[in-house]
Structure formats: structure tokens, C-alpha cells
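J.:
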């Protein structure tokens with residue numbers, strides 16, 4: 174069974190005889206949750222030993238590349254392997270093309286996802302069907318709808334049944350998307366928005382406070398669906414808007430606390446490969462261009478090498494008399 178998690182900052186009685194980073198396989202699936210981090214240390218997930226396209230090749234339908242902000246399959250697989258057991262139920266309330274669902278099904282977990290935009294939910298359905306043709310044993314399904322009302326979208330019987338939530342909030346209405354060079358015209362950008370801009374219902378179109386409020390609503394609904402002690406894993410990273418750093422990871426933690434969840438870990442999921450003890454960055458065209466321009470202007474900007482992984486938990490119910498003075 175997965176080991177209970179100690180809240181951030183609290184002493185962990187198992188730390189003396191366990192080492193969380195126990196193994197990493199060539200499939201990108203990381204250490205099982207049979208070990209924990211030492212107090213005050215970060216748990217580093219080596220989730221980019223293979224590039225994103227290589228991780229998805231043959232495992233996802235070709236249209237999956239169209240989504241503007243795809244989670245690395247190895248990140249989802251690592252979280253699922255670390256915090257669940259086969260047969261557990263995994264939820265992604267903002268499932269996009271279904272990365273969490275596909276990886277859960279391949280790992281023998283059942284999964285359900287909610288997706289706001291129909292074009293992504295259609296691709297998620299196709300990816301789930303494709304996973305089953307490849308022998309995935311877990312069941313998975315996608316529900317189209319607004320995840321801020323997740324408890325009204327999903328059957329009431331699921332309340333208290335979910336073991337793990339894995340998701341990631343949007344990074345604004347436009348992201349880097351795909352680029353291809355055009356002779357004499359620089360580069361052409363495509364698939365860099367969540368929709369055509371006419372539907373503002375997606376959280377991507379809110380400012381940071383609005384995004385945090387909406388995400389707190391989603392997490393509150395997820396808390397209802399979680400088992401006591403169930404885990405929420407959220408990947409996020411800060412970004413720059415007009416030169417100012419937008420601290421999305423801290424906003425995620427605040428949203429989790431507002432939803433009644435307890436922060437228990439803050440990990441690092443690498444977006445760079447580890448080779449000979451060095452990090453090999455895997456930047457997008459736009460990331461590389463932005464860093465080069467910043468350095469030319471005297472700003473010591475660096476390439477993004479990781480995503481923050483915020484781990485929260487649904488509190489266990491208190492037993493009678495617990496917490497009372499002796």
C-alpha cells in the first residue's frame with residue numbers, strides 16, 4: 174500500500190531508512206511510492222530522459238500534437254506509479270488530450286477525465302481507444318464540461334472513490350504552440366491557443382487571481398471525489414508576462430489550501446535530460462529565442478529546466494478526542 178504522506182515541514186518517521194529516488198526505468202516511469210524524501214530536500218523526477226515526441230510516438234494519435242500545452246507522459250506516469258496501486262481510480266479534471274488517462278490505463282489503473290473543449294476531448298477519446306488497442310488494461314473515459322462544476326458532471330457514486338488527481342492549470346490564452354520555418358517569412362506559428370478566442374469560458378482566459386479562484390473551485394470538487402488521504406498532483410511553472418514573473422506554483426498552493434487540501438510535498442519534474450551528471454535542456458524555439466534576446470539585453474535569464482510539482486492531500490478524518498489536550 175502507498176505510505177501515508179507527512180505534511181510539508183513536519184518530521185517524517187520513515188526518513189531514516191528510505192530513499193525516495195530508488196529507481197528510474199527506460200520507459201520514463203519513475204520510483205514507486207515505497208520511499209520518501211528527506212526533510213528539507215526536493216524530490217527530483219527524471220521525466221525528460223526522452224523527448225516529448227519520442228515519449229508520445231506510437232502511444233498517442235498524431236493529432237495529439239495540436240494541443241498547446243501537453244503534459245509529458247513520463248510526468249503523469251511517474252505520479253500514477255508513485256501514489257497509486259493497480260485498480261485505483263485516477264482523475265484529471267482538465268485532461269486535454271488525455272495524457273493522464275492513457276498513462277493510467279497502461280499502468281492498470283482506471284481513470285476519468287473532464288475536458289472543457291470538445292476538440293481536445295475528442296482527441297482524448299481517440300487516445301484512450303488507441304491505448305486499449307495496445308493492451309492497456311485500465312478503463313478510462315472522458316466527460317466534456319466545465320470542471321469548476323465537476324461534482325455535477327460526474328456520478329454522485331464517485332464521491333470518495335478517487336485515489337489520485339493529476340492535472341495542470343493553463344498558462345494563459347496563448348502559448349508557444351508549434352512552429353515551422355517559411356522561406357523568406359521567418360517562422361509560422363500554429364496551435365498556440367486553447368480555442369479561437371471566441372469562447373472565454375476556459376480558465377486560460379482569466380487573469381492570475383481569476384485563474385486561482387477557478388482552480389480552487391476545481392480542487393474543491395476534486396476533494397469531494399477523493400478518498401480520505403487521497404492525493405492531488407499539480408504540475409505548474411512560473412512564466413513571464415511583459416517581463417514580470419507570474420508565480421503560478423504559489424497560486425496553485427493557495428488554491429489547494431482554499432479547497433481544504435493540505436500541501437505535503439513540492440517536487441521537481443525535469444524538462445531536461447540528465448547526461449553524465451549534467452542537465453541537457455530541451456527548450457522550445459520560443460524559449461530559446463527569448464533567453465537569447467534577454468541575455469543580449471543584459472538580463473541573465475536561463476532556460477526552463479523543470480516544472481514544479483505541487484502535491485496536496487485530502488485530510489484524514491479525525492478520530493474522537495484527537496488533537497485534544499491530554
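Numbering (this note's numbering), first residue to last: 174 to 499.
Glycine is no exception: its CB is placed at the ideal position from the N, C-alpha and C atoms.
Computed from a prediction, not measured in an experiment: that's the story for all the values here.
Classify residue 472: buried if its beta carbon has 16 or more other beta carbons within 10 angstroms, exposed otherwise.
T.: Label assigned to residue 472: exposed.
J.: Determine, using beta carbons only, whether residue 294 and residue 317 come nearer to each other than 8 Å.
T.: Yes. Within cutoff.
J.: Just to confirm, is the Cβ distance from residue 273 to residue 265 under 8 Å?
T.: Closer than 8 Å, so yes.
J.: Straight-line CA distance for residue 260 to residue 313?
T.: Near 12 Å, if we compare the C-alpha coordinates of residue 313 and residue 260.
J.: Any chance you could list the alpha helix (DSSP H) runs of at least 4 consecutive residues sitting entirely within the region 232–271, in chain order?
T.: Those alpha helix (DSSP H) runs which fall completely within the region 232–271 and span 4+ residues are 246–256.
J.: Counting pairs of Cβ atoms below 8 Å between the region 452–462 and the region 426–435, do you hit three or more?
T.: With the cut-off at 8 Å, the region 452–462 and the region 426–435 do not touch.
J.: Does DSSP classify residue 400 as helix, strand or coil?
T.: It is a strand residue.
J.: Pull up the distance between the alpha-carbon of residue 381 and that of residue 441, whole angstroms please.
T.: So the two alpha carbons sit approximately 22 Å from each other.
J.: Excluding the 5 residues preceding and the 5 following residue 229 in the sequence, name in chain order all residues of the same chain whose CB lies nearer than 7 Å to its CB.
T.: Hits under 7 Å: 237, 246.
J.: Run through DSSP, which three-state label would residue 391 get?
T.: Of the three classes helix, strand and coil, the one that applies to residue 391 here is helix, per DSSP.
J.: Count the other CB atoms within 10 Å of the CB of residue 287; is the residue buried (16 or more) or exposed (fewer)?
T.: So residue 287 counts as buried.
J.: Since residue 399 and residue 487 are thought to touch, with beta carbons under 8 Å apart, how far apart are those beta carbons, to the nearest angstrom?
T.: That belief holds up - the Cβ atoms of residue 399 and residue 487 are roughly 4 Å apart, short of 8 Å.
J.: Can you tell me which of the three DSSP states residue 364 falls into?
T.: Because the pLDDT at residue 364 is just 46, under 50, the model does not fix this residue reliably, and the value given afterwards should be weighed accordingly. Looking at residue 364 - three-state DSSP - the assignment turns out to be coil, as it is neither helix nor strand.
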